[in-house]
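Worksheet: one structure, shown below.
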Amino acid sequence: MNNIIVIICALFYLVVLFGIAYYAEHRLKKGSSIINNPYVYSLSLAVYCTAWTYYGSVGRATNDGIMFLAIYIGPTIASIFMMPVLGKIIRITKFQRINSIADFVSARYGKNLSIAFIVTLLCIIGVVPYISLQLKAISASFNILIQHQGSSTSYFNDTTFYITIVLAVFIILFGTRSVDATEKHEGLVAAIAFETIIKLVAFICAGLFITYGLFNGFGDIFYKASQSQTLSKLFVFKQADYISWFFMIICSMMAFLFLPRQFQVSVIENVDESHLKKAAWLFPLYLLIINVFVLPIAFGGELLFGKGMMDADTYVLAIPLHSGNHLLSLFIFIGGFSAATSMIIVETIAISTMVSNSMVMPFLLGIPALKKRIDISFSKDIIYIRRISILLVLLLAYLYEKNVAHYISLVSIGLVSFAAVTQFAPALIAGIYWKGASKNGALTGIIVGFIFWFYTLVIPSLANTGIIHSDLLTFGPFGLSWLNPTALFGLQGFDSISHSLFWSLFFNISSFTIVSLYSKQKSQEVYQAELFVNIYKHAVSDNEGLWKRTAYIPDLNTLLENFLGKERSKNLIMGYAQRNKIIIDEASNIADPRLVDFSEKILAGVIGSASAHIMVSSVTKEEELSIDEILKILQESQQMRELNKELRKKSLDLTRATDDLKKANNQLKDIDALKDEFLYTVTHELRTPLTSIRALSEIVHDNPDMEEEQRSEFMGRVVKETERLTHLITQVLYLERYESGKQKLNLSSFSMVELAEDAFQSIEPLAKIKNIDFKLIHPNSSLLLHADKDLLRQVMINLLGNAVKFTNEDGHIEFILTDNHDEIVVTVKDNGKGIPKVDQPFLFDKFFQARNQTVKKPEGSGLGLAISKKIVIMHGGKIWVESEEGKGSRFMFLIPNFMARNV
Amino acid sequence: MNKIPYKILLVDDDPNILISLEFLMRKSGYDVLIARNGSEALELLNDTVPDLTLLDIMMPDVDGYQICKHIKSSKKLKHSKVVFMSAKTKESDIQKGYNLGADLYITKPFATKELVKKISELLA
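Protein chains in written order, with our numbering: chain G, 26 to 928; chain E, 1150 to 1273.
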């Protein structure tokens, strides 16, 4: 194919990208963002799939079978299960205005510059080769398309060179519009999402073409592959592969989270945390779809061209080209182009931000002469610094590609990068969950991990290319075989990535943990640790003003203006002051501490937390706070919030208590009414004897000439009624003791049989008068009981007395004691006239008897049974009657025998 | 100055009251009929028409209200006076008594001289 056509197509594609980016930013200005939805977010995550996925997977599949899938399993697992971790990282990032992964790690460990520097360095060394491989993929695929053999040595004929320049322009245009690096790059994200769609569609087209166009579907290809000896081996899953799978899954999980481009799209460009929920399954879905055709294409290529005839990485493009389908090939080329360029764009932005904030800025600030330039506006300068960083990164990538890359395959460089960023994982992940993780620990861990990574992965590859003598690999350094970079400490049988990951992570994590446990943290570190680990507690309100720093307003103003421009900084400060009701007292010149913290935060978005902290510190006077004071302050603000919660709860409790009181009041009113009724009833009952006493007495008094016999009779009745009245009053008072709970049981151990005999003897004379047959029946044992002796005697007398009263002459009464082991039952049985069923429920009520006698007023008060009932109930027992009119009655009560239970 | 003495019916289940009332009425020169409960009272009312009945209310079988109703609704008895005598002293009880047609409601305990005076007024 004519190379002009290809170049024009590629350029046209880039123009489309530019167009999409512009359109997205235009929409943002209008207020209707197109990237603020979970689908665009999920697609942007798929920048994970680069030319490695597009071309390299097929190549990997032909050599190692299904192991190419390992690097997609890791991100799938991370996507589904680690969303909470990602969510926490995003929250922290927004809160602290973090703008890169280096900034994140540095901010966690006290806004430390060295950490930021080391992480940036590791990213450059680990990831720039990965960028250059994308460039290589572009030029290689271009060459295939135009069937150009060999690469050009001249820079001007070098397509890669031109592509790099165009990409640099794109990135500079859409990646460095604003000084504030925490601002979203809307256009960029839109373009990336678009590219993800293109590469997916193109790859599927290639797959469909090969599977259904050149073969007869999946079944056909797989069948044919199984027939081939070499290919059928690829179906087998070897035992020894477990280790490789494991480590590849681990490091691809970390890569999904911590590759600079991934951190950029998933954390920094994240617009809405809720998008994570959809992305958790949309992104794995994307991975699934894009991998469906890898095996068919791999097998197809091997079957068509024969093994080893062609670089399997190129199958995706080579096959349709070979079939003469030029249009499709062009489209597939664009797909691969898309995959590569999206990686380059995002990775470069991410790394250049880190370079400018963690390397260039601190360097410049370290030079006193340059620091003086703060007087002049610095904001434009920052953008230039960023642009230069972008060019630097791309230049590095290009040079690497030109000189080193063609020695090493696409896939292995990718894995080396994965292993590099995995070294951040312990410090970062532990950092957001373990307050004890210290700066020294993190620094040690990362450096140690870095060293081991370098020694076990980079050195061997350099030895393989001849830059270092290959004897190193065979015999180890200085002939020490246990220091052999590919078999460290004698660990053999692992593939190089697994081997490297094992040792680097081992030493990384252990040194990180040990140093953290033994190091003392400075106040700034403790503060940041608290804010990171407990972000959800503090992210609610801004914790500004905690550091009690004072600064002169003009100084702060100048600082911000220099970096953000006059207009922007003024708006920001005014906005903040208004929201938080801070009065900017021009007269006093002193800035509110909250304003100082806010200014630092804003600056951090521009030049990184570490540099911002340094800049602001240079114009403020800080009150040195000890760790205890910091924790106390943080605790206090937490306590305030707790207090508020408490207050709200208390007022709820108060309302409930008021309701309870109202209820209790009503209950008391009811009881009061009951008492009134009782009073009325009692006084009513008292009137009856009083009426007799009065009438009879008055008569005697007013008729002195009354007959002696009659007078005597009348006075006798008066005396009797007086007695009755006294008895009634006594009983009422007695009953009241039970009603009000004043009556207490006077417990002692005694024999029920003895008590019954005593009661029997008291009543016997009365029974004899009426010639009643009176019997006491009891078991042989003594029936020991622990109860109130006197009160139980009273009950017995009451029942027996009633029985005698209501049994006619010549009747019989049985007084029976029964032992039911757990309880003692006392029965008084008579053959009197019985009690009608209608009256039985009311028998034990107060004054019942008094009301229901036909002729003769009874001797009793009507309260006897009521009191007996109270006594029995106080003992935990029961009292009842069994009777039928005309057939006599049985009055029974039982007392539980706790003593028997214990025996 | 009566030729025929007035007939007073006494109805109460308390013997002490009956004895007292009997003495008081005899002393005033009235004839006395005694019923020890409501049923006895009704029986007596079948055969005789008293001029005045002293009526206890709280009685086990047939209470005073029923006796009063019976008297006041009977053709031959309705001119006979009814005097309630009761320990029920609530305003509502007293009102109830009068609503049933009683000519007088006396609360217990009562003053004997007072009682005699009121009865003579009623009979006059």
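Glycine is no exception: its CB is placed at the ideal position from the N, C-alpha and C atoms.
Looking at the unbroken alpha helix (DSSP H) that takes in residue i, where does it start and where does it end?
i: G:Phe528; result: Per the sequence presented here, residue 528 of chain G reads as Trp, with Phe not at that position. Note, G:Trp528: alpha helix (DSSP H), Ser521 to Tyr543.
i: G:Met386; result: Met386 to Gly391
i: G:Phe477; result: Lys464 to Trp478
i: G:Val130; result: Ile126 to Arg133
i: E:Thr1256; result: First-last for E:Thr1256: Leu1253 to Thr1256, but that is the beta strand (DSSP E), not the alpha helix (DSSP H).
i: G:Cys276; result: Asp266 to Phe283
i: G:Ala305; result: His300 to Asn316
i: G:Ile369; result: His351 to Met379
For residue i, collect the residues of the same chain with a Cβ closer than 8 angstroms to its Cβ; drop the 5 residues on either side in sequence, then sort them by chain order.
i: G:Ser523; result: Ile268, Ser269, Phe271, Phe272 and Met273
i: E:Leu1182; result: Lys1156, Ile1157, Leu1158, Leu1159, Leu1193, Thr1197 and Pro1199
i: G:Met917; result: Val850, Val851, Thr852, Val853, Ile904, Trp905, Val906 and Glu907
i: G:Leu526; result: Phe272, Ile275, Cys276, Ala444 and Thr447
i: G:Trp507; result: Gly501, Leu513, Phe514 and Gly515
i: G:Arg116; result: Glu298, Ile560, Tyr561 and Ala564
i: G:Gly901; result: Ile920 and Pro921
Quick check: what's the CA-CA separation for residue i versus residue j?
i: G:Asp705; j: E:Pro1209; result: The question names Asp, yet the displayed sequence has Tyr at residue 705 of chain G. Those two C-alpha atoms are separated by around 20 angstroms.
i: E:Ser1229; j: G:Gly889; result: 41 angstroms
i: G:Ala784; j: G:Met821; result: 7 angstroms
i: E:Lys1237; j: G:His709; result: 7 angstroms
i: G:Ile615; j: G:Gly112; result: 38 angstroms
i: G:Met278; j: G:Phe120; result: 25 angstroms
i: G:Gly232; j: G:Ala280; result: 27 angstroms
i: G:Phe799; j: G:Ala891; result: 25 angstroms
i: G:Asn28; j: G:His351; result: 13 angstroms
i: G:Leu42; j: G:Ala216; result: 6 angstroms
i: G:Ser636; j: G:Thr683; result: 58 angstroms
i: G:Ser348; j: G:Val341; result: 12 angstroms
i: G:Ala875; j: G:Asp815; result: Bear in mind that a pLDDT of 44 at G:Ala875, under 50, signals an unreliable position, so the number given afterwards is only what the model happens to contain. Cα-Cα distance, rounded: 25 angstroms.
i: G:Leu753; j: G:Arg681; result: 45 angstroms
i: G:Pro618; j: G:Thr575; result: 6 angstroms
i: G:Leu39; j: G:Phe358; result: 13 angstroms
i: G:Arg286; j: G:Glu671; result: 45 angstroms
i: G:Lys795; j: G:Ile896; result: 29 angstroms
i: G:Gly857; j: G:Phe840; result: 14 angstroms
Could you give the residue range of the beta strand (DSSP E) that holds residue i?
i: G:Val144; result: Here G:Val144 belongs to no beta strand (DSSP E); instead the alpha helix (DSSP H) covers Leu138 to Leu170.
i: G:Asp815; result: Where G:Asp815 is concerned, there is no enclosing beta strand (DSSP E), although the alpha helix (DSSP H) it sits in stretches over Lys814 to Phe831.
i: G:Asp855; result: Glu848 to Asp855
i: G:His752; result: Run containing G:His752: none in the beta strand (DSSP E); it sits in the alpha helix (DSSP H), Glu733 to Glu764.
i: G:Ser914; result: Ser914 to Pro921
i: E:Lys1230; result: Lys1230 to Ser1235
Considering only residues of the same chain and omitting the five flanking positions on each side of residue i, which have a CB-CB separation below 6 angstroms?
i: G:Ile188; result: Ile163
i: E:Asp1161; result: Leu1167 and Asp1205
i: G:Asn137; result: Ser131 and Lys464
i: G:Ile143; result: Ile471
i: G:Ile413; result: none
i: G:Leu225; result: Ile315
i: G:Ala629; result: Arg122 and Ala637
Cβ of residue i within 7 angstroms of any heavy atom in the ligand NAP?
i: G:Val897; result: Among the components of this structure there are no ligands whatsoever, and the ligand NAP is therefore not found.
Under 7 angstroms Cβ to Cβ from residue i, same chain only, skipping five residues before and after it: list those, please.
i: G:Thr879; result: Since pLDDT at G:Thr879 reaches only 42, below the 50 mark, its modelled position is unreliable, and the value read off the structure follows with that caveat. Cβ neighbours of G:Thr879 beyond the five flanking positions: none.
i: G:Leu421; result: Val153
i: E:Asp1212; result: Gly1187 and Ile1206
i: G:Ile639; result: Leu390
i: G:Ser544; result: Ser463, Asn465 and Gly466
i: E:Lys1257; result: Met1234, Ser1235 and Ala1236
In the DSSP assignment, what residue or residues form a beta bridge with residue i?
i: E:Leu1159; result: E:Ile1183 and E:Leu1203
i: G:Glu907; result: G:Arg915
i: G:Ala576; result: G:Ala616 and G:Thr645
i: G:His837; result: G:Asp798
i: G:Phe775; result: G:Leu810
i: G:Asp844; result: G:Ile849
Notebook entry, point to check: So, do the stretch 910-925 of chain G and the stretch 1171-1181 of chain E have three or more beta carbon pairs nearer to each other than 8 angstroms?
Noted result: no
Checklist line | Any 3 or more C-beta pairs closer than 8 angstroms across the stretch 49-56 of chain G and the stretch 319-332 of chain G | finding: no
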